[in-house]
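Residue numbers in the sequence shown follow this note's numbering, run continuously in steps of one, and reach 831 at the last position.
Even for Gly, the Cβ is constructed at its ideal location relative to N, Cα and C.
Keep in mind it's a predicted model, so treat the numbers as computed, not measured.
Below you'll find the structure, written out as structure tokens, and then a few comments.
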Amino acid sequence: MQPNIPDSAATAALRRPWIGLWEAACELGAVLRACRFSLFIIAGGGALLLLAPQGWELAVRLPDESIWHAIAFHICVFLWAFQCWFWARVLLQLLFSHDRERHVDGQLLSHWQRKCVEHVPRILALLAYAVPVLALIAARTFVHAVIAVLAAILFYTVLVLRRWAAKKVRQHTTNEKVRNFIDTQWQPYARMRDLPAAWMWILIGGVILGLACTAFVVIDPVTFGWALGAAAVPFIGFALLVPLGSLAVYLSHLLVARDKPRAHRSLPAVTIMVVWAVVGGLLADNHVLRTVPDSTPRRMPFDQAVRDWHESAKTASGQQEPPLVIVSAAGGGLRAAYWTATVLGALQDADPNFGKYVFAISGVSGGSLGATVFVTLLGQPPAQMPAAKDCKPLEDKRRSVECAGQQVLAQDFLAPAVAGLLFPDLLHNFFPVFGTGHDRAAALEKGWERAWERAGFDGGIWAKRSFTQLWPDAKTPLPALLLNGVHVATGKRIITSNLSTVDIPIADAYDVFEDMLKVDIPVSTAAHNSARFTYVSPAGTLLERGSGVNHGRVVDGGYFENFGAATARETLRAVKRKLRLDKTRARPFIIQISNDPKVETYNVQGKPTIEAAPHERPWCRNEVLAPICALLKTRDGRGTLAYKEFLEEASHETDYVHFRLCDKIPEPALGWVLSEASTRVMREVVRDDRCDNKQALQKVLAFLKAGSVTPAPGAQVTR
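As structure tokens, then:
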């Protein structure tokens with residue numbers, strides 16, 4: 113048996129502070145346990161908004177919004193902070209201490225615990241305000257950050273003075289109803305029904321508001337999102353989650369055996385809710401692709417498309433060997449969409465025949481959205497295009513097609529998607545009550561459809577047409593679209609196109625109509641098949657018409673390669689092969705549109721060097737994370753390779769251009785909402801020398817107007 117040797121005075125002195133810290137931490141943990149859902153929402157909301165650039169970008173547009181949107185943002189932030197404080201205070205008084213002096217079971221609280229009970233809800237309110245303040249600072253929206261800081265200070269002051277004010281009211285009124293409405297702190301809160309009437313009204317009002325907002329979003333997510341703005345929507349969503357989660361925590365303390373003090377007996381409510389939501393999301397799928405009922409895709413055979421294009425291009429150019437333009441548009445959220453529409457619109461306005469020379473556009477993610485907007489605009493009568501005077505502040509340079517595309521894509525598309533995520537999607541994971549057409553994917557697509565009406569067009573341009581109806585039976589064919597998505601189960605490309613890709617052929621890729629759906633889809637859904645931005649959009653489920661066979665899920669095309677160059681290269685090869693068989697000729701020209709400022713103009717013959725390679729991220733040096741980093745970067749490497757192989761299809765160095773954003777300009781935001789500063793820099797850089805786009809523009813126009821170009825000595829001609 114070990115002898116019982118007492119601690120020396122020195123050892124006891126060393127241990128005493130650590131024991132005191134541990135006891136203080138345990139006492140604080142007991143307090144936090146009661147109000148854990150408020151803390152969970154603050155931590156979760158902070159992680160979503162602060163750990164990724166897409167979270168910061170929620171606020172980038174706020175300085176350009178209306179006064180109402182600014183007010184709505186600060187109201188929603190206050191509502192979130194208020195709910196975090198209120199429910200922390202309610203649960204502490206119900207489960208821990210109704211008078212901040214004694215435990216609900218009668219035991220006196222220590223001095224430290226009394227301080228925790230008094231101040232923890234207030235600190236939670238400040239932490240709730242800290243999240244938007246940090247997001248505003250990251251988005252460089254400093255004026256609203258200052259306003260939020262002042263609002264937080266004012267709110268905290270009110271919370272500190274609240275008890276003093278309630279005490280004064282109790283002293284100066286004899287009306288028992290008024291006193292009970294404001295506060296009943298002289299009575300123990302054994303149950304929720306013992307709370308003051310004012311607290312009960314707040315409690316009931318929060319639940320009703322949450323249900324009302326959910327119904328609103330299910331019915332019309334676009335109106336809800338646009339009414340509040342992208343910056344406000346997540347905060348009202350977080351605010352309305354707090355009452356529901358806190359009620360679940362309260363019930364978890366009541367539904368267990370009563371042989372322990374109330375504060376120490378409960379089910380793991382937050383853990384149960386998280387697991388329930390994850391399992392519910394796996395079992396109940398509400399992300400099936402929207403389709404057009406009783407429709408059949410009207411797709412043109414590839415050979416016929418090439419012949420029709422050649423005849424139209426010959427007529428437009430007056431040459432037997434017309435320009436053959438193939439465009440590859442890289443991904444990158446709304447930035448890519450706006451930049452793609454700007455580049456293609458500027459070329460179309462500079463040469464009205466440009467669209468007749470473009471055989472196909474291969475797009476990825478936002479590039480697909482911009483390309484689809486451009487093709488839609490080419491099919492509109494000139495009388496419906498907005499006047500140049502509506503394009504500001506570059507009235508003397510921008511014209512109708514470029515202006516129209518920018519007006520369509522300058523809308524806030526993030527707010528409807530976030531509303532769909534925080535209301536019907538989240539509720540569906542707990543209770544599968546909403547089917548196809550009520551998720552965040554549908555909300556985003558409906559935002560794209562409504563954007564046409566906001567831009568001054570007929571609201572049915574996308575809302576009332578299917579994808580293949582964009583190509584009417586006309587003598588002047590429109591450019592074909594090849595929108596690249598990725599099949600989750602196989603990692604292969606899924607192509608959404610008005611052409612039958614079986615005839616091109618595109619190697620090792622699925623045709624969404626031929627192989628999977630057998631039914632037409634809305635225009636917005638076709639673009640979204642390629643632009644399912646990570647987590648902002650869910651993976652879309654592919655159900656075959658009639659049989660109901662589930663063909664898996666489609667995600668953003670950028671997972672395969674983010675340039676769209678692989679599909680563009682295969683398409684160009686197929687067109688040249690068909691022209692040779694028909695004994696006709698064309699002058700191929702390649703246009704690559706990228707939007708990542710880190711992407712430089714690549715040399716076709718260039719090889720990467722160690723000296724030019726970017727440094728590893730510090731966390732990628734970890735042996736656990738290194739494989740994940742490598743997998744993520746493989747996408748970029750594959751895209752670069754595909755782009756270089758695409759350029760090899762050019763006859764010589766005068767036959768391709770690269771429109772890009774570069775590090776000489778402020779980097780535009782990446783998500784589904786753009787600030788005026790971001791749109792302005794893209795409108796300007798398409799025509800200036802900062803990123804060499806002015807020279808690229810002139811090079812394209814010169815090629816289109818030139819005759820057959822003699823190859824440079826030693827160049828290999830592939831026609």
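Nearest-angstrom Cα distance between Leu161 and Val243?
Mapped onto the sequence shown, residue 161 falls at position 49. Mapped onto the sequence shown, residue 243 falls at position 131. Distance between the alpha carbons of Leu161 and Val243 is about 8 Å.
Of all the options Pro778, Asp627, Ala678 and Leu220, which has the alpha carbon lying nearest to the alpha carbon of Lys78?
What the structure shows of the chain is the stretch from 113 to 831, and residue 78 is not part of that stretch, so it cannot be assessed.
Expressed to the nearest angstrom, what Euclidean distance is found between the alpha-carbon atoms of Lys817 and Trp784?
Walking along the sequence shown from the start, residue 817 turns up at place 705. Walking along the sequence shown from the start, residue 784 turns up at place 672. Their Cα atoms are separated by approximately 37 Å.
Determine the contact status of Asn641 and Ser474, defining contact as a CB-CB distance below 8 Å.
Translated into the one-based positions of the sequence shown, residue 641 becomes position 529. Translated into the one-based positions of the sequence shown, residue 474 becomes position 362. Contact: no.
With distances taken Cα to Cα, identify the nearest neighbour of Lys630 among Ala619, Ser150 and Asn662.
One-based indexing of the sequence shown puts residue 630 at position 518. Measuring from the Cα of Lys630, the nearest candidate turns out to be Asn662.
Spatial neighbours of Gln166 within its chain, please: C-beta separation below 6 Å, excluding the five flanking residues on both sides.
Within the sequence shown, residue 166 is the residue found at index 54, counting from 1. Around Gln166: Gly783.
Pairwise C-alpha distance: Arg447 and Pro493
Position 381 of the sequence shown, counted from the start, is the residue given in the question as residue 493. Position 335 of the sequence shown, counted from the start, is the residue given in the question as residue 447. Approximately 27 Å, taken between the alpha carbons.
Just verifying my parser: in three-state terms, what is the DSSP assignment at Leu187?
Here residue 187 corresponds to residue number 75 of the sequence shown, with the count starting at 1. According to the sequence as given, residue 187 is Ile; it is not Leu. In this structure, Ile187 counts as helix in the three-state DSSP scheme.
Quick check for students: name the residue ranges of the alpha helix (DSSP H) that lie wholly in the region 221-253, counting only runs of 4 or more.
223-250
Using a Cβ distance threshold of 8 Å, determine whether the region 215-234 contacts the region 383-392, with at least three qualifying pairs required.
no
Go through its chain and collect everything with a Cβ distance to His550's Cβ below 6 Å, but skip five positions before and after it.
Counted from its first residue, the sequence shown places residue 550 at position 438. Within the same chain, His550 has close Cβ partners Val330 and Pro536.
Every unbroken beta strand (DSSP E) inside the region 766-813 [3 residues or more]:
768-771
Does the distance from the CB of Asp461 to the CB of Leu813 come in under 8 Å?
Here residue 461 corresponds to residue number 349 of the sequence shown, with the count starting at 1. Here residue 813 corresponds to residue number 701 of the sequence shown, with the count starting at 1. Cβ distance not < 8 Å, so Asp461 and Leu813 don't count as in contact.
For Trp583, count neighbouring Cβ atoms within 10 angstroms of its own Cβ and tell me buried if that reaches 16, exposed if not.
Numbered from 1 along the sequence shown, position 471 holds the residue referred to as residue 583. When all chains shown are included, Trp583 counts as buried.
Can you give the Cα-Cα distance for Arg128 and Cys138, rounded to whole angstroms?
Position 16 of the sequence shown, counted from the start, is the residue given in the question as residue 128. Position 26 of the sequence shown, counted from the start, is the residue given in the question as residue 138. Approximately 15 Å, taken between the alpha carbons.
So is the beta-carbon of Arg697 under 7 Å away from any non-hydrogen atom of the ligand ADP?
Ligands in the displayed structure: none, and consequently the ligand ADP is not present.
Report yes if the CB atom of Pro434 is closer than 8 Å to the CB atom of Phe815, and no otherwise.
Sequence index remark: in the sequence shown, residue 434 carries index 322 (1-based). Sequence index remark: in the sequence shown, residue 815 carries index 703 (1-based). No, the pair does not count as a contact, with Cβ atoms beyond the cut-off.
Beta strand (DSSP E) containing Ile702: first to last residue?
Within the sequence shown, the letter at position 590 stands for residue 702. Start and end: Arg699 to Ile705.
From the DSSP output, which residues share a beta bridge with Val258?
For this step, residue 258 is matched to residue 146 along the sequence shown. Paired residue(s): none; Val258 is not in a bridge.
Specify whether the region 410-429 and the region 647-659 touch according to this definition: at least 3 beta carbon pairs, one from each stretch, less than 8 Å apart.
no
What are the boundary residues of the beta strand (DSSP E) that Asn662 is part of?
Taking the first residue of the sequence shown as position 1, residue 662 is located at position 550. Asn662 to Asp668 is the extent of the beta strand (DSSP E) around Asn662.
Roughly how many angstroms separate the alpha carbons of Val270 and Leu236, rounded to a whole number?
Position 158 of the sequence shown, counting from 1, holds the residue named residue 270. Position 124 of the sequence shown, counting from 1, holds the residue named residue 236. Those two C-alpha atoms are separated by around 14 Å.
For Ala247 versus Leu170, is the C-beta distance shorter than 8 Å?
Residue numbering aside, residue 247 sits at position 135 when the sequence shown is read from its first letter. Residue numbering aside, residue 170 sits at position 58 when the sequence shown is read from its first letter. For Ala247 and Leu170, yes; Cβs fall inside 8 Å.
Could you compute how far the alpha carbon of Trp451 sits from the alpha carbon of Leu359?
Here residue 451 refers to the residue found at position 339 when the sequence shown is read from its first residue. Here residue 359 refers to the residue found at position 247 when the sequence shown is read from its first residue. Their Cα atoms are separated by approximately 47 Å.
Close beta carbons around Phe208, own chain, < 8 Å, minus the five adjacent residues each side:
Counted from its first residue, the sequence shown places residue 208 at position 96. Closer than 8 Å at Cβ, skipping near neighbours: Ala142, Val143, Ala146, His215, Val216, Val229 and Ala375.
Of all the options Ala738, Lys756 and Asp406, which has the alpha carbon lying nearest to the alpha carbon of Glu673?
Reading the sequence shown from its first residue, position 561 is the one you call residue 673. Here the closest residue by C-alpha is Lys756.
Taking the Cβ atom as the reference point for each residue, do Gly337 and Pro528 lie within a distance shorter than 8 Å?
Taking the first residue of the sequence shown as position 1, residue 337 is located at position 225. Taking the first residue of the sequence shown as position 1, residue 528 is located at position 416. It is a contact, given that the beta carbons lie within the stated cut-off.
Applying the criterion that 16 or more other CB atoms from any shown protein chain within 10 Å of the CB defines a buried residue, is Trp104 buried or exposed?
The first residue shown for the chain is 113 and the last is 831, placing residue 104 beyond what the model contains.
Is the number of C-beta pairs between the region 344-354 and the region 552-568 that are closer than 8 Å three or more?
no
Trp197 and Arg234 - do their beta-carbons sit closer together than 8 Å?
As a first step, residue 234 is located in the sequence shown; it is residue number 122 there, counting from the start. As a first step, residue 197 is located in the sequence shown; it is residue number 85 there, counting from the start. A contact, by the Cβ cut-off of 8 Å.
Tyr469 and Ala425 closer than 8 Å at C-beta
Numbered from its first residue, the sequence shown carries residue 469 at position 357. Numbered from its first residue, the sequence shown carries residue 425 at position 313. Yes, the pair counts as a contact, with Cβ atoms nearer than the cut-off.
So what does DSSP say about Arg214, is it helix, strand or coil?
Within the sequence shown, residue 214 is the residue found at index 102, counting from 1. Arg214: strand per DSSP, three-state reduction.
Give the DSSP-derived three-state secondary structure of Gln717 in the structure shown.
To locate residue 717, count along the sequence shown from 1; it is residue 605. Only weak support is given to the placement of Gln717: the predicted model assigns it a pLDDT of 45, under 50, and the value that follows is read from those uncertain coordinates. Coil, per DSSP.
When DSSP labels each residue in this structure, what does Ser609 get in the three-state scheme?
Taking the sequence shown and counting its residues from 1, the one referred to as residue 609 is at position 497. Here Ser609 sits in strand by DSSP.
Gly132: buried (16+ other C-beta within 10 angstroms of its C-beta) or exposed?
Along the sequence shown, read from residue 1 onward, the residue named residue 132 stands at position 20. Classification for Gly132: exposed.
How many whole angstroms separate the CB atoms of Ala472 and Ala441, which I take to be in contact at a CB cut-off of 8 Å?
Taking the sequence shown and counting its residues from 1, the one referred to as residue 472 is at position 360. Taking the sequence shown and counting its residues from 1, the one referred to as residue 441 is at position 329. With a Cβ gap of about 11 Å, Ala472 and Ala441 do not count as contacting.
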